[in-house]
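Numbering follows this note's numbering, in which position 368 of the first sequence is assigned residue number 348; successive positions increment by one, without gaps.
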Amino acid sequence: MQYKAVRGFKDILPDQVGTWTRFEQEAKRIFGLFGYREIRIPILESMELFARGIGEDTDIVSKEMYTFRDRRGNHLAMRPEATASILRAFIEHKLYKGSPVHKLYTMGPMFRYERPQKGRRRQFHQIDVEIIGDPGPRSDSELIYMIMQLFSSLGLDDLELHINSLGCPTDRGPFRSKLKDYLKDYTSQLCPDCQERMETNPLRVFDCKVDRCIEIMKDAPTMLDFLCEDCAQHFKQLEDYLTQLGMDYVVNSHLMRGLDYYTRTTFEVQTPELGAQNAIAGGGRYDNLMADFDGPATPAIGFAIGQERVIELLEGREEAGEQGPDLFVAALGTDAEDRAFVWLQEMRKKGIWCEMDYRSSGLKAQMRHADRLHAKRVLIVGDDELAKGSGILRDMSTKEQREVPLDTVVDEIARLSHR
RNA sequence: GUGAGUGUAGCUCAGAUGGCAGAGCACUGGGUUGUGGCCCCAGUGGUCGUGGGUUCAAGUCCCAUCACUCACCCCA
């Protein structure tokens, strides 16, 4: 019986890892420019943390979490997202006692028990960014600017930025009832799901994909019309800043979020290339979450990037030329192989990337191997060379060959490789 | 959780009507007894997803099951 990775969990193979590390390094570089610092948080938390933070009634908490009891009976969950953990850490270590504003990021695997499909796995990876401590629209726009900057530097241009405001809890009450009133007239025309949602969470009817529902919602009251003075002002300033920064965006009053904690600004970055799961990043402001966690009331905003989704876009694009070893040693015969084996280790000690083939094959096979590895040079050593005390050094791109004395070969290679 | 599609070599895929399991790429070797890529020749590699059933005979037909893919749902 052959073992296979469990459903929705995927191996990232050596050929793919380059794309991942380039992506992550570019993210770190850009975030550094904006003054963000990395934080690393655990993959397990108490289940309670997510239930409280994300919302008991959300799909994530009610049916998508991997939960279990440990040997002591503690109810734990594998994290379905990162924000709750970051706030927990923030409060636990009293980071608010230091600087008033913290700009943090983290990256790593998240877990949600969902049916896998394109752009959706049970283990998936997110890059998560948070600004904790600043209420202002400047932070909102800078955060959004930064994420678009990252995508653009990765060569991703065909993206759409959607923004919306969910207002504050006091705005949402009246809006909800107004929306319900509106929907009542259409109850029989809504899809079964939306009839359900009308009662549980009418805002969700906004992102239904059934044609008739979409049509009905075209004329529905929108959250934006129900914003209080402050929230409206906040949203307007956000738009002003985005415009000043030269950013294209669309105001999408239908943009809802599946997590309960969002307030005011929400946004999503979408791509036309990915099918149904078209959001490659999404986030928003969560000004009340800190207090919900019994921390000091502190405004915050953040977003998460779905790494798999971005990687899929990146993989369709051209790869940088592959790097190969500085040197491949082609040794012929046991004596030469043994000498080469020792040279290899000496050269690596000097910081040279070098390889050889331990399979004792012919020169042609070894040359092919060197070529496949994209080796820059090959050192050929056989019985003749050992007898003469000099090997043949071949440059693989120019095909030039010359003799090099074997007693100083390690230093010679080091000299060439470190240029 | 619901629906549809697909499972044959490491990869991409052919195998109407049941009758000896194939190709291209990759890999190994040879052409060039010690020189890579291109070309030519040859070779290695398969419990045909799994388990039952029908049949003289099943990759092919039937049933079940598992996995993958896409979509719904939901979200990054």
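Don't be surprised by glycine CBs; every beta carbon is placed ideally from N, CA and C.
Beta carbon of residue i nearer than 8 Å to that of residue j
i	j	result
Leu170	Ile281	no
Glu110	Glu44	no
Arg17	Lys74	no
Pro256	Lys98	A small correction: the amino acid at residue 256 is Ala; Pro does not occupy that position in the sequence shown. It is a contact, given that the beta carbons lie within the stated cut-off.
Tyr241	Leu269	yes
Phe11	Tyr85	yes
Pro154	Gly113	no
Phe141	Met227	A small correction: the amino acid at residue 141 is Leu; Phe does not occupy that position in the sequence shown. Yes. Within cutoff.
Glu248	Leu293	no
Gly304	His354	yes
Ile196	Tyr229	no
Met336	Ala320	yes
Cys334	Leu343	no
Arg289	Arg265	no
Leu139	Thr251	yes
Asn232	Ile143	yes
Arg395	Asp375	no
Phe3	Leu204	no
Met462	Ala310	Because the chain spans -19 through 399 in this model, residue 462 falls outside it and cannot be assessed.
Pro96	Gly262	no
8 Å contact criterion, which residue i and residue j should meet: CB distance rounded
i	j	result
Leu146	Thr63	The pair is not a contact, with the Cβ atoms about 16 Å apart (cut-off 8 Å).
Ile66	Ile19	6 Å
Tyr221	Arg118	6 Å
Gly413	Gly313	Past the boundaries of the shown model lies residue 413; the chain is included only from -19 to 399, so the question cannot be answered.
Leu183	Thr38	Wrong, their Cβ atoms sit about 12 Å apart, outside the cutoff.
Ser101	Lys(-10)	Inspection of the sequence shows that residue 101 is occupied by Arg rather than by Ser. Confirmed, Cβ separation roughly 6 Å.
Val389	Leu359	7 Å
Ala69	Ile23	Actually they are not in contact, since the Cβ atoms of Ala69 and Ile23 sit about 13 Å apart, beyond 8 Å.
Asp267	Pro115	7 Å
Asp191	Arg32	37 Å between Cβ atoms; not a contact.
According to DSSP, residues forming a beta bridge with residue i
i	result
Val230	His142
Gln381	Arg374
Ile285	Ile107, Ala261
Cys334	Leu307
Arg357	Leu307, Asp375
Tyr162	According to DSSP, Tyr162 bridges with nothing at all.
Tyr241	According to DSSP, which records beta bridges pairwise, Tyr241 is partnered with nothing at all.
Gln217	Bridge partners of Gln217: none, in fact.
Val290	Paired residues: none, contrary to the question.
Gln325	Its beta-bridge partners do not exist; DSSP assigns none.
Gln346	Beta-bridge pairing links Gln346 to no other residue.
Val390	Per DSSP, none; premise fails for Val390.
Gly280	Before going on, a small fix: residue 280 reads as Ala here, not Gly. DSSP lists Ile112 as partners of Ala280.
Thr246	Asn144, Gly264
C-alpha distance - residue i paired with residue j, whole-angstrom precision
i	j	result
Lys164	Met87	43 Å
Arg152	Leu159	10 Å
Phe104	Gln287	7 Å
Ala277	Met58	27 Å
Ala284	Lys198	28 Å
His349	Gln(-18)	31 Å
Asp120	Asp108	15 Å
Leu56	Ile34	15 Å
Ser26	Arg52	13 Å
Ala345	Gln5	36 Å
Leu136	Ser341	45 Å
Glu383	Gln129	51 Å
Arg156	Ile194	18 Å
Phe30	Val41	7 Å
Leu13	Leu373	44 Å
Ser397	Glu365	22 Å
Pro279	Asp351	56 Å
Leu386	Ile332	17 Å
Lys216	Asp187	23 Å
Gln175	Ile260	29 Å
Lys379	Leu307	14 Å
Val(-3)	Glu295	11 Å
Glu209	Glu219	15 Å
Thr223	Ala200	27 Å
Lys189	Asp173	11 Å
Any non-hydrogen atom of the ligand ZN within 7 Å of residue i CB
i	result
Asp173	Among the components of this structure there are no ligands whatsoever, and the ligand ZN is therefore not found.
Alpha helix (DSSP H) runs wholly inside the segment 174 to 209, at least 4 long, in chain order:
Secondary structure in the segment 174 to 209: the alpha helix (DSSP H) runs of 4 residues or longer, each lying completely within the stretch, are 191 to 198 in chain order.
Could you tell me which whole beta strand (DSSP E) segments of length 3 or greater appear in the segment 49 to 130? Restricting attention to beta strand (DSSP E) runs no shorter than 3 residues, the segment 49 to 130 encloses them at 55 to 58, 82 to 91, 103 to 112, ordered along the chain.
Every unbroken alpha helix (DSSP H) within the segment -15 to 39, with a cutoff of 4 residues, ordered by chain
Runs of the alpha helix (DSSP H) inside the segment -15 to 39: -6 to 13, 27 to 34.
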